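Numbering (full-length UniProt numbering), first residue to last: 1 to 340.
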């Protein structure tokens, strides 16, 4: 039998080593998979919004945004800003649409998170304007810093601003993006914090595919995602993430203990995730991964994680169902939850 020598001179049985590893793995698994988190006394609910996503769904994005404020009564919104919309031509910035969104939020006493940078929510994730796509990495980064300075300087004194989110899941390899650069992310965060010393910076990471340690090392707050039923392009089928609520709570506690930082859910699944982009999926396919019962289950699940701040991912789709298909079930459920 193979034995590993130790400096003490005592041999180690390989079977015993493997056994101890299995015990340790089981213990760690139990830590993250068994137990019930304490419930948050109050939960803050919000929504995500992307002008570009609303337009891709064939919606009047201003009508949708207004409905979120006036009918849905959303009071916490994370807005995805997109570089290609804000700077369609080099050094020619267009802020009219974002200005309007900010003003409407101010008038309705809404608290905003602005997601800023090259990689912001919604496909293709990295919203690089055509004029910047062929620039080398160093030049692209200089242009991104200029963009961040423009945005933060313009809106930092708005009473609506609550958080900045710098980039979107910058460590997670998803989307049509040219590079990942942790050193540059640190530079981005430092720039935003130097320009605005008041509002916290969020850095986000995958809820299911990460332990959030990278994200915790950068911003003031860790943003996570939470998905339950998604399409796997590898398995060519829908999968259901098996992680229980304690999985998210334990990871949040590690972040709190090691970094003294809070974890919030900046992306809570509330729209379909199927084999094609949402715009190309038939309604029948969409309902396989998101429907009123599925949303009710996710809301219940989110409450059980012990986290106290969630931003629904899919409000534009709710409005699309309501206005295009005259289906108000999810809209009403979301409205009831946001009012809680």
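All residues carry an ideal CB built from backbone N, CA and C; glycine is no exception. No experiment lies behind these values; they were computed from the predicted model shown.
Residue i - DSSP class collapsed to helix/strand/coil
| i | result |
| --- | --- |
| residue 337 | helix |
| residue 29 | helix |
| residue 301 | helix |
| residue 152 | helix |
| residue 130 | helix |
| residue 221 | strand |
| residue 85 | helix |
| residue 211 | coil |
| residue 341 | This structure leaves residue 341 out entirely; the chain is present only between 1 and 340. |
| residue 326 | coil |
| residue 179 | coil |
| residue 226 | strand |
| residue 313 | strand |
| residue 10 | With a pLDDT of only 37 at residue 10, under the threshold of 50, the placement of this residue in the model should not be trusted; the figure read from the coordinates follows. In this structure, residue 10 counts as coil in the three-state DSSP scheme. |
| residue 55 | helix |
| residue 174 | coil |
| residue 280 | helix |
| residue 34 | coil |
| residue 273 | coil |
| residue 242 | coil |
| residue 295 | helix |
| residue 145 | helix |
| residue 169 | coil |
| residue 321 | helix |
| residue 2 | Here the model assigns residue 2 a pLDDT of 34, short of 50, so the residue's position is not dependable, and the following value carries that caveat. Three-state result, residue 2: coil. |
Those residues which DSSP pairs with residue i across a bridge
| i | result |
| --- | --- |
| residue 163 | 113 |
| residue 232 | 237 |
| residue 158 | Partner(s): none; residue 158 has no beta bridge. |
| residue 331 | In the DSSP output, where bridge partners are listed per residue, residue 331 has none listed. |
| residue 48 | 78 |
| residue 119 | 126 |
| residue 92 | 89 |
N- and C-terminal bounds of the beta strand (DSSP E) containing residue i
| i | result |
| --- | --- |
| residue 263 | 262-269 |
| residue 307 | From DSSP, residue 307 is part of no beta strand (DSSP E); its letter is neither H nor E. |
| residue 80 | 76-80 |
| residue 73 | Here residue 73 belongs to no beta strand (DSSP E), and DSSP marks it neither H nor E. |
| residue 205 | 201-205 |
Interface flag, residue i vs chain C, CB-CB below 8 Å
| i | result |
| --- | --- |
| residue 91 | Considering every chain present, this structure includes no chain C. It has just one protein chain. |
N-terminal and C-terminal residue of the alpha helix (DSSP H) that residue i is part of
| i | result |
| --- | --- |
| residue 259 | 245-259 |
| residue 184 | 182-195 |
| residue 40 | No alpha helix (DSSP H) holds residue 40; DSSP gives it neither H nor E. |
| residue 107 | 96-107 |
| residue 341 | As displayed, the chain neither begins before 1 nor continues past 340, which places residue 341 out of reach and without an answer. |
Between the segment 228-246 and the segment 193-203, can you find at least three pairs of beta-carbon atoms closer than 8 Å? no
Evaluate the contact criterion for the segment 99-110 versus the segment 70-84: three or more CB pairs, one atom per stretch, below 8 Å. yes
Any chance the segment 282-297 sits against the segment 252-264, with 3 or more Cβ pairs inside 8 Å? no
Quick one: any contact between the segment 223-234 and the segment 177-192, if contact means 3 or more CB pairs under 8 Å? no
Does the count of Cβ pairs from the segment 293-305 and the segment 132-142 closer than 8 Å reach three? no
Specify whether the segment 29-46 and the segment 301-316 touch according to this definition: at least 3 beta carbon pairs, one from each stretch, less than 8 Å apart. yes
With a threshold of 8 Å, are at least 3 pairs of Cβ atoms found where one atom belongs to the segment 124-131 and the other to the segment 154-163? no
The segment 321-328 in contact with the segment 264-282 per 3-pair CB rule at 8 Å: no
If we count Cβ pairs, one from each stretch, closer than 8 Å, do we get three or more for the segment 96-103 versus the segment 75-87? yes
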